[in-house]
Amino acid sequence: MRAAIKEYNYDWLMGSTLSAAAKFPAGTEKEIAWAYRYIPYFKGIVKNFVDLGPPGIYFMDLLAEYYQNILDAHAQGKKIAATTFCSTPVIFYAMDIVPLTFEVLTAIGAMVWRRGMFDYMDYCCEVGMPETACSAQRGALGAYLAEMGEDIDLVVCDTPGVCDTNANAFVFAAEYLDKPFYQLNYPSTIGDSRSQAYHVKDFQAMIGFLEEQTGKKLDYDRLAESLKELEAQDAITADLEDMLMLVPTPIPPIYTLMIYAGRFCFAGHPGYTRLLELLRDQAKKRMADGIPGLKAGMEKLRVLMCYIDHYTVDMNFYNYLEERGIANTGSILTRNFRDYNPYCQALEGSCYGVDIATPEAMLETVAQMNARLPMVRSIRGPYDQHGMWLDECLALARLYHVDCIIYNGTPGCRNTWGMVKPFARDVEKQGIPVHIMNDDAFDDRVESWEATRERLDEFFTVRGLL
Amino acid sequence: MQLFHDVANHIECQPLNDWRAKNRPVVGYTCSQVPAEIFYAAGILPMRLRGIETDGMDIGDAYYGPFICSFPKCLLQLAGKGAFKFVDGVVITPGCDAMRRLDECWRKAGEDYQGIIPDFFYYFDVPHKAEGHGMEWFVEEIEYLIAEIEDHFSVEITDAKLREAIAEYNKGRRLLDEIEAIRSAEGGTVSGTDMFAATIAGTVMPRALYNAQLEQWLKSLKEQPPAENARKRIMLIGSITDDVDLFRLIEFGTDAVVVSENLCFGVRSEGRPVDEAGNPIGALAEHYLGESACPRMYGRHKQRLAVLQEKIEQSKIDGVIMQNIRFCDLHGAENALFEKALEAQGIPCLRLEREYGPMIDKGRLKLRINAFLERLGRRRQYARSN
Chain A
359 MRAAIKEYNY DWLMGSTLSA AAKFPAGTEK EIAWAYRYIP YFKGIVKNFV
409 DLGPPGIYFM DLLAEYYQNI LDAHAQGKKI AATTFCSTPV IFYAMDIVPL
459 TFEVLTAIGA MVWRRGMFDY MDYCCEVGMP ETACSAQRGA LGAYLAEMGE
509 DIDLVVCDTP GVCDTNANAF VFAAEYLDKP FYQLNYPSTI GDSRSQAYHV
559 KDFQAMIGFL EEQTGKKLDY DRLAESLKEL EAQDAITADL EDMLMLVPTP
609 IPPIYTLMIY AGRFCFAGHP GYTRLLELLR DQAKKRMADG IPGLKAGMEK
659 LRVLMCYIDH YTVDMNFYNY LEERGIANTG SILTRNFRDY NPYCQALEGS
709 CYGVDIATPE AMLETVAQMN ARLPMVRSIR GPYDQHGMWL DECLALARLY
759 HVDCIIYNGT PGCRNTWGMV KPFARDVEKQ GIPVHIMNDD AFDDRVESWE
809 ATRERLDEFF TVRGLL
Chain B
-1 MQLFHDVANH IECQPLNDWR AKNRPVVGYT CSQVPAEIFY AAGILPMRLR
49 GIETDGMDIG DAYYGPFICS FPKCLLQLAG KGAFKFVDGV VITPGCDAMR
99 RLDECWRKAG EDYQGIIPDF FYYFDVPHKA EGHGMEWFVE EIEYLIAEIE
149 DHFSVEITDA KLREAIAEYN KGRRLLDEIE AIRSAEGGTV SGTDMFAATI
199 AGTVMPRALY NAQLEQWLKS LKEQPPAENA RKRIMLIGSI TDDVDLFRLI
249 EFGTDAVVVS ENLCFGVRSE GRPVDEAGNP IGALAEHYLG ESACPRMYGR
299 HKQRLAVLQE KIEQSKIDGV IMQNIRFCDL HGAENALFEK ALEAQGIPCL
349 RLEREYGPMI DKGRLKLRIN AFLERLGRRR QYARSN
């Protein structure tokens, strides 16, 4: 890694960037226009959020707070836990632990910085991780392996049984940095009593590990508060999901990213409730005014991202959807699988409910919720077993009236690349066109955005969709 | 020994054909965490599926994506070509993401290639942890597997039969252990190539026949005088391989001998004998999950490192060759951690990335191995001169 990059604490650098960006809209219109001239490399992403108005600005605030929490953790006597986007932060906040999610931080860096996360990704390889390991972790992880970020105190991973490359990156981090490690391990089935019981036992063991590491007992009153907040968040998310089903939808393509990024960082936290309220209110107003979410004012096509979105610089992917008039009905990351969502009716046993009556009920709630976060719900076990990836995508395609399904991931995703071709064939049999993107969602060097865009255009043209 | 090499180098081999000639069933399995004793107890020949003798990748590439290890692709290729049509059943496990997707890819290929899916096609869910509920899950998985075998093949697998099977398998384990002791001792007369062929053969041959062959081999080894002591002593570790040629590449025409290995098809998978006294299912679970040395068992890196370090010391290893198949991140990352720890202790290491298959990058590998052996040679010279 270049010495110049090592000069800056990564968390401070990103936190400061986001914090400055969040202050941007405080100026007058003229001041903002002038200020953009001073940030040519950041303008693309900042403008996207500023133009969204209150939800966009608040979203930048929240992300800045996420970094600030990491930066302040040790001074406040809190431990920092490196964890995955597949793991709910609810339990960490209830135990006064600051979660640090590699994938979220990689996505932020990849979108914000013109040079992407390349230096950090490559650093992981310099110290021995294979270049074929998933870029979602390799990005931010590189900074921590290079000791350029805050010191991680423990590693909690919940992808064994779901994603080897993800789990492997966390194991590598724990061993390389010599930190305590816990794994939540997922069986190949979901919804049956045996796997439900396994989720709870595994989660109980994790709490034991966290209690041992922090020297504090889980505060169930605090957990109850977080779960009440989560109740409110799930209800608002359900409203947003309802609006996402409308044709045209009043939800802009970028909203789905904000919904899931907020959940990964702040589920159960009042700040996330506020973000969802802002998103819902703005969407409701658009709906009442009969205005589609797309800036062009016309919805030409509706896509379902069956895996993840594309996160490289300036949010090019979301801008592309806007330019082409394509509504984004979400990805594997968007859905929360709360039991009252319409799609849950079609996926029996795959969803969770919230019960805060007793400590045991709360524990069951969080364990089952955690087991339904992205990847750990959808891509465990055979993709064509009842309620799994194929069923889920077909159910969503019907409910959200999509015209096509697009797969996007990273070359590191051995799990989905091991099944996406048969999956695509099964989906196509149902009359839904599928496009498999060959890029890396976090690394433009694998395929340039320009090439990715051309391939998307080619797909839409050849299949007669646009 | 010739029989071991014949079995190790061909999917269809004489012992397998002899077994089938008597209309006895054969079940293929994909991972060292499947307890072979269960099949033995049912009168079924368990056969570890191998990707050797692949002559193309068109079928493997058609169903799997591009960023997948070539080992499961070779298995799928062979399945699609009908190379495993003789098996009466297949058990697939989530050894890694690519291997567990063999379940779907094989089933989907079966829609296009007639007759490649045996009637008994079973997914065996192995957890990634052996503690508490992980072990309970695995015990249940073994019980379910037994029930399915009993139902499908109309057999009864009693505790007594399981104990008998465990005893027979343990006999082989003890013999291998004795041979391994000769191999790893100074003046050992066992080549890595022969030892690896023998352990691969153990995943295919009927156990009684295998044990008899091991006994003969051990007897002949005991009668041999010690070998010259000057060869460089190599340990080979990393991704799955069932290709004896990888050992040959290190040993043929060089002054090196692979005196130890830590490989999925190697002697490590035999491990210590299974407990013969207690509950047989619990004992099998403890052996196949509790003692697993695979990096898929997350959080056990330090234990695995300790095992390596012990072996390195016991076998007086001069250098460790660490290989991983491209896209095998589990071994790729673990090799890096091993290299960091072992080099810090002054143990020379070579990391190699390769493709699985009929040694397609033999020249490149040979060049790097030879360079590594030169390094070891200079090290010896330096040690002697100081």
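Which chain is which? The protein sequence lines are A and B, in order. Mind the numbering: the first sequence is residues 359 to 824 in the numbering used here, read in order. Mind the numbering: the second sequence is residues -1 to 384 in the numbering used here, read in order. Glycine residues also receive a C-beta, built at the ideal position from the N, C-alpha and C atoms. Treat the numbers as computed from the prediction; the structure is a model and nothing was measured.
Beta-ladder partner(s) of residue i, from DSSP
{"i": "B:E259", "result": "B:L234"}
{"i": "B:K20", "result": "None, per the DSSP bridge assignment."}
{"i": "B:N322", "result": "B:E351"}
{"i": "A:N686", "result": "A:V661"}
{"i": "A:Q541", "result": "A:C515"}
{"i": "A:L420", "result": "The partner list for A:L420 (beta bridge, DSSP) is empty, contrary to what the question assumes."}
{"i": "B:M45", "result": "B:G26"}
{"i": "A:K437", "result": "A:I455"}
Buried or exposed (CB count within 10 angstroms, at least 16 for buried), residue i
{"i": "B:G264", "result": "buried"}
{"i": "A:Y366", "result": "exposed"}
{"i": "A:P398", "result": "exposed"}
{"i": "B:S383", "result": "exposed"}
{"i": "A:W392", "result": "exposed"}
{"i": "A:A439", "result": "buried"}
{"i": "B:A145", "result": "exposed"}
{"i": "A:S806", "result": "exposed"}
{"i": "B:V124", "result": "buried"}
{"i": "B:S313", "result": "buried"}
{"i": "A:G385", "result": "exposed"}
{"i": "B:A40", "result": "buried"}
{"i": "A:E533", "result": "buried"}
{"i": "A:G825", "result": "Since the first and last residues shown for chain A are 359 and 824, residue 825 of chain A lies out of range."}
{"i": "B:L365", "result": "exposed"}
Interface residues of chain A facing residue i [CB-CB closer than 7 Å]
{"i": "B:C354", "result": "Correcting the residue type first, residue 354 of chain B is Tyr in the shown sequence and not Cys. Those within 7 Å of B:Y354 in chain A number zero; the least Cβ separation is about 14 Å."}
{"i": "B:W135", "result": "P545 and Y556"}
{"i": "B:G132", "result": "N543"}
{"i": "B:P13", "result": "Within chain A, no residue comes near B:P13; the closest Cβ sits about 33 Å away, beyond 7 Å."}
{"i": "B:D327", "result": "P488, T490, A491, D522, T523 and N526"}
Nearest-angstrom Cα separation, counted from residue j out to residue i
{"i": "A:A704", "j": "A:T614", "result": "21 Å"}
{"i": "A:D550", "j": "A:E461", "result": "30 Å"}
{"i": "A:T723", "j": "A:A590", "result": "15 Å"}
{"i": "A:D801", "j": "B:V256", "result": "40 Å"}
{"i": "B:F84", "j": "A:L634", "result": "58 Å"}
{"i": "A:Y698", "j": "A:W370", "result": "40 Å"}
{"i": "A:F443", "j": "A:G655", "result": "33 Å"}
{"i": "A:A755", "j": "B:E10", "result": "46 Å"}
{"i": "B:K386", "j": "B:F119", "result": "Any question about residue 386 of chain B goes unanswered here, given that chain B covers just -1 to 384."}
{"i": "B:E109", "j": "B:Q12", "result": "31 Å"}
{"i": "A:K574", "j": "A:A431", "result": "16 Å"}
{"i": "A:I617", "j": "A:P650", "result": "18 Å"}
{"i": "A:G611", "j": "A:V661", "result": "Before going on, a small fix: residue 611 of chain A reads as Pro here, not Gly. Rounded to the nearest angstrom, the two C-alpha atoms are 10 Å apart."}
{"i": "B:A163", "j": "B:E221", "result": "30 Å"}
{"i": "A:A619", "j": "B:V88", "result": "42 Å"}
{"i": "A:R580", "j": "A:P447", "result": "13 Å"}
{"i": "B:N277", "j": "B:Q379", "result": "54 Å"}
{"i": "B:K20", "j": "B:A206", "result": "16 Å"}
Partners in chain A for residue i, counting only beta-carbon separations shorter than 8 Å
{"i": "B:A331", "result": "G486, M487, P488, A491, N526, A527, V529 and F530"}
{"i": "B:I66", "result": "R772, W775 and G776"}
{"i": "B:C29", "result": "The premise fails here: B:C29 is roughly 14 Å from chain A at the closest Cβ pair, so nothing lies under 8 Å."}
Chain-ordered chain B contacts of residue i [CB-CB under 7 Å]
{"i": "A:P780", "result": "Y61, E102, C103 and K106"}
{"i": "A:F539", "result": "G297"}
{"i": "A:A625", "result": "Residues of chain B passing the Cβ test: none, with the nearest at roughly 25 Å."}
Chain B residues whose Cβ lies nearer than 8 Å to that of residue i
{"i": "A:E533", "result": "H299, K300 and L335"}
Interface partners of residue i on chain A, CB under 9 Å
{"i": "B:F84", "result": "The premise fails here: B:F84 is roughly 25 Å from chain A at the closest Cβ pair, so nothing lies under 9 Å."}
(request) Examine the Cβ distances between the segment 452 to 470 of chain A and the segment 533 to 540 of chain A and report whether three or more of them are shorter than 8 Å. (result) Between the segment 452 to 470 of chain A and the segment 533 to 540 of chain A, the count of Cβ pairs shorter than 8 Å is below three; the stretches do not touch.
(request) Say whether the segment 175 to 185 of chain B touches the segment 43 to 60 of chain B, bearing in mind that this needs 3 or more beta-carbon pairs closer than 8 Å, one atom from each stretch. (result) no
(message) With three or more beta-carbon pairs closer than 8 Å as the criterion, would you say the segment 589 to 605 of chain A touches the segment 474 to 481 of chain A?
(response) no
(message) Within 8 Å, do at least three Cβ pairs link the segment 167 to 178 of chain B to the segment 230 to 244 of chain B?
(response) no
(request) Count the C-beta pairs between the segment 244 to 263 of chain B and the segment 189 to 199 of chain B that are closer than 8 Å, then say yes if the count reaches three, no if not. (result) yes
(request) Would you check if there are 3 or more beta carbon pairs closer than 8 Å linking the segment 46 to 54 of chain B to the segment 298 to 306 of chain B? (result) no
(request) Please determine if the segment 574 to 589 of chain A and the segment 598 to 608 of chain A are in contact, where contact requires at least 3 C-beta pairs separated by less than 8 Å. (result) no
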